[in-house]
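Visitor: Quick note: the first sequence uses full-length UniProt numbering, first residue 1, plus one each step. Beta carbons: idealized from backbone N, C-alpha and C, even for Gly.
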Amino acid sequence: MAAAMVATVHGGVGGKHDKPSPGGGGAPQVDTGKYVRYTPEQVDALERVYSECPKPSSLRRQQLIRECPILCNIEPKQIKVWFQNRRCREKQRKEASRLQTVNRKLTAMNKLLMEENDRLQKQVSRLVYENGYMRQQLHNPSVATTDTSCGSVVTSGQHHQQQNPPAPRPQRDGNNPAGLLAIAEETLAEFLSKATGTAVDWVQMVGMKVI
DNA sequence: GATGACTTCCTAAGTAAAGG
DNA sequence: CCTTTACTTAGGAAGTCATC
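Structure below.
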């Protein structure tokens, strides 16, 4: 590649379809065969054309060189390359901008999900606590006296509750307490069996299976 | 980091030769 | 004559390098 840059700008080491450009033009920017910078006036002229037509035909480029005096000393091939680079870099800038927007959205979504995850973890923790309490009541009924309002007892243990109210807790144990407990245990076991602890910032909770 | 130039790869259009 | 195939040519996209 370095060898290519040493060669003259228009010239001999172009692409596979390149043909030797005729000399002439006498452009001070190109005769050195080194890195050149187009003048601000030249860039402005090119930008104006680009804004109207980002992909000018060969004819249009030749017309541009003829009609614009400040561009007349730039080789047609250089004009072509300038438009190629201009399109390429605009596309790159747009893509970078798009990715930044996507990144901002994903960051915001991640924040929301983290908050939701935190909320759910607290809810699970509270439910585990309540479940333990209910199991204790079931196996050691003497502790709970004759009060059947388990819900209210459980409610008393909800001082762990944070900002979110618990899910509706129907007074279901009045019908079939053992059956409901079984369902609850099953549900909890199923949940915990899926809780692998691999989630980010996962909190090991009481009753969770350790894998 | 921006920019001009180059390389590689790919596609479309035009053209000539071959085959039916 | 029409279609197919191979080749040439021009140019664009993407990636890269060199220079400022």
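Check Thr107 in the structure and name its three-state DSSP category.
Guide: Three-state result, Thr107: helix.
Visitor: Considering only residues of the same chain and omitting the five flanking positions on each side of Cys53, which have a CB-CB separation below 7 Å?
Guide: Same-chain partners within the cutoff: Arg60.
Visitor: Check Ser57 in the structure and name its three-state DSSP category.
Guide: Here Ser57 sits in coil by DSSP.
Visitor: Whose C-beta lies closer than 8 Å to the C-beta of Ser58 among residues of the same chain, with five residues either side of it excluded?
Guide: Cβ neighbours of Ser58 beyond the five flanking positions: Pro76, Lys80.
Visitor: By the three-class DSSP mapping on this structure, what secondary structure does Ile74 have?
Guide: Ile74 falls in the coil class under three-state DSSP.
Visitor: For the putative contact between Ile70 and Glu41, defined by C-beta atoms under 8 Å, what is the C-beta separation to the nearest angstrom?
Guide: Ile70 to Glu41, Cβ: 5 Å. Contact.
Visitor: Rounding to the nearest angstrom, what Cα-Cα distance links Tyr50 and Leu99 in this structure?
Guide: Looking at the two C-alpha atoms, the distance is approximately 25 Å.
Visitor: Helix or strand or just coil, what does DSSP make of Asn140?
Guide: Here Asn140 sits in coil by DSSP.
Visitor: Please report the residue range of the alpha helix (DSSP H) in which Tyr38 lies.
Guide: Tyr38 -> no alpha helix (DSSP H), and no H or E assigned at all.
Visitor: Which term fits Met134, buried or exposed, when burial requires 16 or more other beta carbons within 10 angstroms of its beta carbon?
Guide: Counting Cβ neighbours within 10 Å, Met134 comes out buried, since at least 16 surround it.
Visitor: Enumerate in chain order the residues of its own chain whose CB-to-CB distance from Leu46 is below 7 Å, with the five nearest sequence positions on each side excluded.
Guide: Trp82.
Visitor: Taking C-alpha atoms, which residue in Glu130, Asp44, Lys105 lies nearest to Cys68?
Guide: Cys68 has its Cα closest to that of Asp44, out of Glu130, Asp44, Lys105.
Visitor: Among the candidates Gln78, Arg48, Lys55, whose CA atom is the shortest distance from the CA of Tyr38?
Guide: Checked all of Gln78, Arg48, Lys55; the closest Cα to Tyr38 is Gln78.
Visitor: For Gln86, which residues from the same chain have a beta carbon less than 6 Å from its beta carbon, with the 5 sequence-adjacent residues on both sides left out?
Guide: Gln is not the amino acid found at residue 86; the sequence shown has Arg there. So the list reads Tyr50, once near-sequence residues are dropped.
Visitor: DSSP three-state label for Cys68, please.
Guide: Of the three classes helix, strand and coil, the one that applies to Cys68 here is coil, per DSSP.
Visitor: In its own chain, which residues sit with a C-beta less than 8 Å from the C-beta of Ile65, not counting the 5 before and 5 after it?
Guide: The residues are Leu71, Cys72, Ile74, Pro76, Ile79.
Visitor: Put Gly12 into one of helix, strand or coil per three-state DSSP.
Guide: Residue placement at Gly12 cannot be trusted, given a pLDDT of 30 that sits under 50; the coordinates are not used to answer.
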